[in-house]
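So for the sequence shown, numbering that gives the first Met the number 0 puts the first residue at 0; every next one is plus one. Ideal placement from N, C-alpha and C gives every residue a C-beta, glycine not left out. Computed from a predicted model, the values in this text were never measured in an experiment.
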Amino acid sequence: MKRRAPSQIQAILSPFFVGAVSDDGEQRMFCPVCEDPDDSRSPSASVNLGKGEWNCLKGNHGGSVLTLVSSLRGGSAPAASAVPKKTTPKAPIKHKPMENQDRPQQWHDNLMHPGSAERLAYLTDVRGFTIESIKRWLLGWDGQRYTFPVRPSFSPYINTRRYLPGGSPKTLNLPGHGTNILYPLEALRGNTLPVLLVEGEPDVVLANQVLAGEFVALTGTGGAPNPPKDLTPLSGREVFIVYDADDAGRAGAEKILPLLLAVGANARILDIARFEIAE
Numbered sequence: 000m001k002r003r004a005p006s007q008i009q010a011i012l013s014p015f016f017v018g019a020v021s022d023d024g025e026q027r028m029f030c031p032v033c034e035d036p037d038d039s040r041s042p043s044a045s046v047n048l049g050k051g052e053w054n055c056l057k058g059n060h061g062g063s064v065l066t067l068v069s070s071l072r073g074g075s076a077p078a079a080s081a082v083p084k085k086t087t088p089k090a091p092i093k094h095k096p097m098e099n100q101d102r103p104q105q106w107h108d109n110l111m112h113p114g115s116a117e118r119l120a121y122l123t124d125v126r127g128f129t130i131e132s133i134k135r136w137l138l139g140w141d142g143q144r145y146t147f148p149v150r151p152s153f154s155p156y157i158n159t160r161r162y163l164p165g166g167s168p169k170t171l172n173l174p175g176h177g178t179n180i181l182y183p184l185e186a187l188r189g190n191t192l193p194v195l196l197v198e199g200e201p202d203v204v205l206a207n208q209v210l211a212g213e214f215v216a217l218t219g220t221g222g223a224p225n226p227p228k229d230l231t232p233l234s235g236r237e238v239f240i241v242y243d244a245d246d247a248g249r250a251g252a253e254k255i256l257p258l259l260l261a262v263g264a265n266a267r268i269l270d271i272a273r274f275e276i277a278e
């Protein structure tokens, strides 16, 4: 097989590339075998031109870059069955659902009950949530804490975050809260708006309420110190990281920034402490 110069290989594969090359030489890309860069939302493959290897987690195929490039030069991508398997795909994200899937609706009904007028007023008058937002996101009251249901995109089951009124040193998760994910992913669908990556479910609800049509807001359900495991849905998006203006928030923003850049997001940190916000 004729050996191709690295610059020629890069030129052939460049239409599939997403983002910049990482420090270890890895370049994320849409899979030439099973993804169309014009139609696919998240790249599933990567290539290391220095090592001459590529692989795709979506289709569990990969192998020699020279074989791939030669096939592309011939006018078609290699058949998936003809490409030697290189890696075992990652295990699916585990999610243990709440035992009673009706509880979030019950808690929402508790919050909207006339007997919970004081609890509801805290969200509307103190926190600034509209009734429409409270209904849209099914916010509730479990008798001790406000509840914020989270339904992962990969699961038909719901789980819940709980917050004490007025804030709390700890945000408690009900058993079965599940894995650390981006939420709510459905906010990304059907638009190319810039993304605000905020810290916590209350912030994400309020940001989507106030900035509708200008930005979409997402959060990680693991808190600022723990970036979501899958950031590829933000590939190609403009992302502003707007974490809390405290030590944990600043450290979390610095931690997630390079991870976002690695998946091809145009990401930057927005330091809200530099803005004067009127009371």
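Kindly provide the ranges of any alpha helix (DSSP H) runs that are 4 or more residues long and lie completely inside the region 187 to 248, ordered along the chain.
For the alpha helix (DSSP H) assignment, the uninterrupted runs of no fewer than 4 residues enclosed by the region 187 to 248 are, from N- to C-terminal side, 200 to 209.
Measuring straight from C-alpha to C-alpha, what distance separates histidine 107 and glycine 127?
Translated into positions along the sequence shown, residue 107 becomes position 108. Translated into positions along the sequence shown, residue 127 becomes position 128. Counting only the Cα atoms, glycine 127 lies some 17 Å from histidine 107.
With arginine 102 as the anchor, note down where its alpha helix (DSSP H) starts and where it stops.
Here residue 102 is taken as the residue at index 103 of the sequence shown, counted from 1. Here the alpha helix (DSSP H) through arginine 102 covers 102 to 111.
Taking only the alpha-carbon atoms, compute the straight-line gap between glycine 118 and asparagine 109 and give it to the nearest angstrom.
Mapped onto the sequence shown, residue 118 falls at position 119. Mapped onto the sequence shown, residue 109 falls at position 110. The sequence given here has arginine at residue 118, not glycine. Distance between arginine 118 and asparagine 109, taken at the CA atoms: about 10 Å.
With the cut-off set at 9 Å, would you say alanine 206 and leucine 195 are in Cβ contact?
Here residue 206 corresponds to residue number 207 of the sequence shown, with the count starting at 1. Here residue 195 corresponds to residue number 196 of the sequence shown, with the count starting at 1. It is a contact, given that the beta carbons lie within the stated cut-off.
Would you please state the rounded distance, in angstroms, between the beta carbons of glutamate 198 and tyrosine 242? I believe it to be under 8 Å.
Residue 198 sits at position 199 when you count from the first residue of the sequence shown. Residue 242 sits at position 243 when you count from the first residue of the sequence shown. About 4 Å; that satisfies the 8 Å criterion.
Who does alanine 116 pair with in a DSSP beta bridge?
Your numbering for residue 116 matches position 117 in the sequence shown. For alanine 116, DSSP assigns no beta-bridge partner whatsoever.
So isoleucine 279 is in the beta strand (DSSP E); what residue range does that whole segment cover?
For the chain, the structure presents residues 0 to 278; residue 279 sits outside this window and is missing.
Near serine 115, which residues of its chain fall below 8 Å by C-beta distance, leaving aside the five closest residues on each side in sequence?
As a working note, residue 115 is residue 116 in the sequence shown. Within the same chain, serine 115 has close Cβ partners Asn109 and Trp140.
Is valine 64 near leucine 137, with beta carbons less than 9 Å apart?
Numbered from 1 along the sequence shown, position 65 holds the residue referred to as residue 64. Numbered from 1 along the sequence shown, position 138 holds the residue referred to as residue 137. The Cβ-Cβ distance between valine 64 and leucine 137 does not fall below 9 Å.
Is the beta carbon of valine 149 sitting closer than 9 Å to the one on glutamate 213?
By 1-based counting over the sequence shown, the position of residue 149 is 150. By 1-based counting over the sequence shown, the position of residue 213 is 214. Between valine 149 and glutamate 213, the gap from beta carbon to beta carbon reaches 9 Å or more.
In whole angstroms, what separates the C-alpha of alanine 277 from that of proline 183?
Counting from 1 along the sequence shown, the entry for residue 277 is found at position 278. Counting from 1 along the sequence shown, the entry for residue 183 is found at position 184. In this prediction, alanine 277 has a pLDDT of 42, which is less than 50 and means its spatial position is unreliable; nothing more can be read from the coordinates.
If we ignore side chains and look at the alpha-carbon of each, how far apart do glycine 49 and methionine 111 end up?
Taking the first residue of the sequence shown as 1, we reach residue 49 at position 50. Taking the first residue of the sequence shown as 1, we reach residue 111 at position 112. When rounded, the distance between both Cα atoms is 60 Å.
Given this structure, state the Cα-to-Cα distance separating proline 226 from valine 238, to the nearest angstrom.
As a working mapping, residue 226 is identified with position 227 in the sequence shown. As a working mapping, residue 238 is identified with position 239 in the sequence shown. Their Cα atoms are separated by approximately 14 Å.
Per DSSP, what kind of secondary structure is serine 43 in: helix, strand or coil?
Walking along the sequence shown from the start, residue 43 turns up at place 44. Correct three-state label for serine 43: coil.
Name the residue from Val215, Ala266, Asp202 and His60 whose alpha carbon lies nearest to the alpha carbon of alanine 186.
The sequence position of residue 186 within the sequence shown is 187, counting from 1. Comparing alpha-carbon positions, the option among Val215, Ala266, Asp202 and His60 lying closest to alanine 186 turns out to be Val215.
What do you reckon, are the CB atoms on isoleucine 180 and threonine 123 nearer than 9 Å?
Taking the first residue of the sequence shown as 1, we reach residue 180 at position 181. Taking the first residue of the sequence shown as 1, we reach residue 123 at position 124. Cβ distance not < 9 Å, so isoleucine 180 and threonine 123 don't count as in contact.
Cβ neighbours of glutamate 25 in the same chain (closer than 7 Å, five flanking residues each side left out)
Mapped onto the sequence shown, residue 25 falls at position 26. If we look at glutamate 25 and ignore the five residues flanking it on each side, its Cβ neighbours are Ser45 and Asn47.
Glycine 49 - DSSP class collapsed to helix/strand/coil
Numbered from 1 along the sequence shown, position 50 holds the residue referred to as residue 49. Of the three classes helix, strand and coil, the one that applies to glycine 49 here is coil, per DSSP.
Measure the Cβ-Cβ separation of alanine 264 and leucine 217 and say whether it is below 9 Å.
Within the sequence shown, numbered from 1, the residue matching residue 264 stands at position 265. Within the sequence shown, numbered from 1, the residue matching residue 217 stands at position 218. It is not a contact, given that the beta carbons lie outside the stated cut-off.
Where does glycine 251 sit, in a helix, a strand or coil, going by DSSP?
Your numbering for residue 251 matches position 252 in the sequence shown. Per DSSP, reduced to three states, the secondary structure at glycine 251 is helical.
Cα-Cα separation between glycine 142 and alanine 252, rounded to whole angstroms:
Position 143 of the sequence shown, counting from 1, holds the residue named residue 142. Position 253 of the sequence shown, counting from 1, holds the residue named residue 252. If I take the Cα positions, the gap works out to 33 Å.
According to DSSP, is threonine 87 helix, strand or coil?
Residue 87 sits at position 88 when you count from the first residue of the sequence shown. At threonine 87, the pLDDT of 44 sits below 50, so the modelled position is not reliable and the matter cannot be decided from this model.
On the DSSP bridge list, what partners appear for cysteine 55?
As a working note, residue 55 is residue 56 in the sequence shown. Under the DSSP definition of a beta bridge, cysteine 55 partners with Ala44 and His60.
What whole-angstrom Cβ distance do alanine 223 and alanine 244 have, given they're in contact under 8 Å?
Numbered from its first residue, the sequence shown carries residue 223 at position 224. Numbered from its first residue, the sequence shown carries residue 244 at position 245. About 11 Å separates the CB atoms of alanine 223 and alanine 244; that is not less than 8 Å, and the two are not in contact.
Return the bridge partner residues of arginine 144 from the DSSP annotation.
Numbered from its first residue, the sequence shown carries residue 144 at position 145. DSSP, once it has assigned bridges, lists no residue as partnering arginine 144.
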